[in-house]
Ligand code: NAD
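Numbering (my numbering), first residue to last: 7 to 518.
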């Protein structure tokens, strides 16, 4: 099959050093995979952008061996020197931001500002990680024994496996890679096979930075399907598997990693709720919910999928929501003024249509949207559904722009319904009443990893730890102290005296 020929696309691919056919594995050198040849498709047109030779188990083995070697060398680099390499990575990402952002739009269908925003998130992660490289603090503590010193220190962990989802094809890698790199780890990235080109482009940029610093090839890559992903998760050489994707994937990965008593960091599906009370600033709530529900065509883990409206404002909010949803400009994400691009593929469109059939079967009413668009690519309408919390479909994450709207009388009832789903990623309340806000943030309030007041569920900043509870997996990435999962903690006790006291007053006197 021929690849997409538009000049602009070709120029972007060319500047990112991508060709019509690309090798799908990197272990310090590029390796043409012996696996399947996959074409990356532009979801806005349905046409291929370029192809990749995927890695098979054999190429995975080469990359894994190289990652082990790279780790042995990299762990000896002082952390601030590792940070300097990550600083340069951030610099190169700044230089390539336009092209890389455009490639995210081309390959995933994100509108331009979101494509650029995703690259900015990588840059921000690099900046954050550079700072961390001088702050990988351990604690010292007082020993109960005289002339003893105790402290905890953090060492590099080992090669880390990073599995990423299609919808944040590069940011999620940076959440992990920038931090893992300053922590002294090497890594193997297995991106989604839906989005191999962005992964290749990023790895090519990272390769240049490594070469310029004479650094070991810590940023390994295997573009591969689920089978190689399974080999990777079972690989005892990788003490940590960080996996981002669906709950189904996370359960499988979690089981495999647990079976070898490894460490897993799981960032899985969400089913995020927004509560709007009668005291809310409705203009603010409306604007925020529109982006959270329909931005990225509903394909964020933090997308708002459930909206709880207090009875007194429900009719007005629904009317305004439907009117605004109908006005959202849908189209080619590379074009100015387009707010909503396509879904990732035909399967995603079919899944959405199937979910809406179930919605109707369970008594939900589609207030607006609900159709695919009759044009090339995988476009659908933003959809608002009047629903009841008893409808089982509302407990599932359908990865599409469907917003379920519920009504409630008092906040306790709304919080109970809000928490009654298996997922626990992001949540929000819109209110100007401080008691309602604090009730939502209290221990008896939202059960999610992220809880916001007067901003919606999506668009998290990297400064705070990101992740969710329950079936979302419990993992935390990005800010705060999440670096600790990429390191191993060691407690050290040093006796600098001449006595040999035992802890807890135990005695063990032998001989004369
Ligand atoms: P997916 O689960 O289909 O695939 C994610 C990745 O896992 C891909 O690289 C895939 O090849 C790999 N994979 C699948 N099964 C595997 C297995 N058994 N062993 C090893 N690897 C396996 O998800 P997707 O469709 O690419 O992404 C959408 C999903 O990701 C949504 O559920 C979304 O909520 C979630 N997501 C979560 C976060 C978060 O931070 N919580 C962020 C982005 C996306």
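Ideal Cβ positions, reconstructed from N, Cα and C, are used throughout, including at glycine. Please read all numbers here as calculations on a predicted model, not as lab measurements.
Within 10 angstroms of the Cβ of residue i, are there 16 or more other Cβ atoms? Answer buried if so, exposed if not.
i, result
"residue 477", "buried"
"residue 377", "exposed"
"residue 146", "exposed"
"residue 141", "exposed"
"residue 8", "With a pLDDT of only 44 at residue 8, under 50, the local geometry of the prediction cannot be trusted, and no value is derived from it."
"residue 15", "buried"
"residue 84", "exposed"
"residue 158", "exposed"
"residue 514", "exposed"
"residue 329", "exposed"
"residue 338", "buried"
"residue 327", "buried"
"residue 440", "exposed"
On a CA-only basis, which of the options is nearest residue i? Give me that one, please.
i, options, result
"residue 288", "225, 461 and 206", "461"
"residue 125", "447, 346 and 208", "208"
"residue 93", "101, 135 and 55", "135"
"residue 107", "97, 95, 98 and 123", "123"
"residue 286", "220, 323 and 391", "323"
"residue 163", "261, 190 and 328", "190"
"residue 428", "180, 435 and 475", "475"
"residue 410", "296, 84 and 508", "296"
"residue 488", "138, 113 and 43", "138"
"residue 115", "232, 306 and 413", "306"
"residue 352", "381, 438 and 336", "381"
"residue 263", "238, 276, 277 and 447", "238"
"residue 413", "316, 269 and 270", "316"
Look at residue i and residue j and say whether their C-beta atoms are less than 8 Å apart.
i, j, result
"residue 279", "residue 433", "yes"
"residue 266", "residue 240", "yes"
"residue 226", "residue 356", "no"
"residue 59", "residue 41", "yes"
"residue 165", "residue 205", "no"
"residue 491", "residue 272", "no"
"residue 442", "residue 283", "yes"
"residue 248", "residue 194", "no"
"residue 46", "residue 250", "no"
"residue 127", "residue 468", "yes"
"residue 56", "residue 26", "yes"
"residue 509", "residue 486", "no"
"residue 109", "residue 18", "yes"
"residue 321", "residue 407", "no"
"residue 154", "residue 499", "yes"
"residue 308", "residue 276", "yes"
"residue 95", "residue 185", "no"
"residue 198", "residue 80", "no"
Check whether the Cβ of residue i lies closer than 7 Å to any heavy atom of the ligand NAD, and answer yes or no.
i, result
"residue 273", "yes"
"residue 236", "yes"
"residue 259", "yes"
"residue 131", "no"
"residue 431", "yes"
"residue 482", "no"
"residue 251", "yes"
"residue 407", "no"
"residue 307", "yes"
"residue 232", "yes"
"residue 198", "yes"
"residue 69", "no"
"residue 169", "yes"
"residue 255", "yes"
"residue 172", "yes"
"residue 208", "no"
"residue 474", "yes"
"residue 178", "yes"
"residue 341", "no"
"residue 478", "yes"
"residue 239", "yes"
"residue 470", "no"
Alpha carbon to alpha carbon, what distance is there between residue j and residue i?
i, j, result
"residue 252", "residue 274", "5 Å"
"residue 348", "residue 160", "44 Å"
"residue 340", "residue 484", "28 Å"
"residue 130", "residue 361", "36 Å"
"residue 577", "residue 482", "No statement about residue 577 is possible, as the shown extent of the chain runs from 7 to 518 and does not include it."
"residue 334", "residue 358", "18 Å"
"residue 170", "residue 100", "22 Å"
"residue 48", "residue 235", "24 Å"
"residue 425", "residue 311", "13 Å"
"residue 370", "residue 445", "29 Å"
"residue 5", "residue 313", "With the chain running from 7 to 518 in the structure shown, residue 5 is simply not present."
"residue 10", "residue 23", "Residue placement at residue 10 is poorly supported in this model, since its pLDDT is 46, which falls under 50; the coordinates still yield a value, given next. Roughly 16 Å separates the two Cα atoms."
"residue 448", "residue 456", "12 Å"
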